[in-house]
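Take a look at the structure below.
Listed below in structure tokens is the structure:
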């Protein structure tokens, strides 16, 4: 159900998605959504929380800023359209029209930026968080363009080829 919901919310948006659409795609009775998630809002919240957890798990707790470009490059190189990582990104980036859902989405993105800023070893202030948010946006954009456009050489770049530009990006934004 969660995968079907993530896919629907990401592609159709929160407002246009119905619990019936999700249940049909998941091959379950619509009553199961109410049973496990209480409501469409509860399901959307769980999708966002799950996406945030996936994002947090993608970078080990003990990772350093120096390791980050290689970790991200490995994930990008291993991602494919069939894996649907774009669904998770779109879910995080697309406004839901629901204030609670949008607050959760903003909180998830902010916490990821703060975590990234914390990897610098410097005191985390608003300027450093802003720089981390720019780095996250550039990384998200790079992945979305890589998976959806077919532009070259980005689409076929190897893990090693991606690591260099990512290293430059993170150095310029976060090691100033």
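In the UniProt record's numbering, the protein residues as written are 1 to 176.
Even glycine gets a Cβ: it sits at the ideal position worked out from N, Cα and C.
Quiz item: Distance, Cα to Cα, residue 6 vs residue 158?
Solution: Indexing the chain shown from 1 puts residue 6 at position 6. Indexing the chain shown from 1 puts residue 158 at position 158. CA-CA distance, residue 6 to residue 158, rounds to 28 Å.
Quiz item: Which residues in the same chain have their Cβ closer than 7 Å to the Cβ of residue 97, if we skip the five residues on either side of it in sequence?
Solution: On the chain shown, position 97 is the one that residue 97 refers to. Its chain contains 14 and 15 as the residues whose beta carbon lies nearer than 7 Å to that of residue 97, once the 5 sequence neighbours on both sides are disregarded; these appear in chain order.
Quiz item: Okay, do the segment 38-58 and the segment 132-139 touch, 3+ Cβ pairs below 8 Å being the bar?
Solution: In short, these stretches do not touch, since the Cβ pair count stays below three.
Quiz item: With C-beta atoms as the reference, is residue 1 less than 8 Å away from residue 26?
Solution: By one-based count along the chain shown, residue 1 stands at place 1. By one-based count along the chain shown, residue 26 stands at place 26. Result yes, Cβ atoms of residue 1 and residue 26 sit closer than 8 Å.
Quiz item: Are residue 55 and residue 174 close, meaning C-beta to C-beta below 8 Å?
Solution: Looking up residue 55 in the chain shown gives position 55. Looking up residue 174 in the chain shown gives position 174. Result no, Cβ atoms of residue 55 and residue 174 do not sit closer than 8 Å.
Quiz item: If we count the other Cβ atoms within 10 Å of its Cβ and call it buried at 16 or more, is residue 17 buried or exposed?
Solution: Within the chain shown, residue 17 is the residue found at index 17, counting from 1. Burial call: buried.
Quiz prompt | C-beta contact flag for residue 116 and residue 122 at 8 Å | solution = Walking along the chain shown from the start, residue 116 turns up at place 116. Walking along the chain shown from the start, residue 122 turns up at place 122. Going by C-beta atoms, residue 116 is not nearer than 8 Å to residue 122.
Exercise. Would you mind giving the Cβ-Cβ distance between residue 8 and residue 21, rounded to the nearest angstrom? I have them listed as a contact below 8 Å.
Key: Numbered from its first residue, the chain shown carries residue 8 at position 8. Numbered from its first residue, the chain shown carries residue 21 at position 21. The pair is a contact, with the Cβ atoms about 6 Å apart (cut-off 8 Å).
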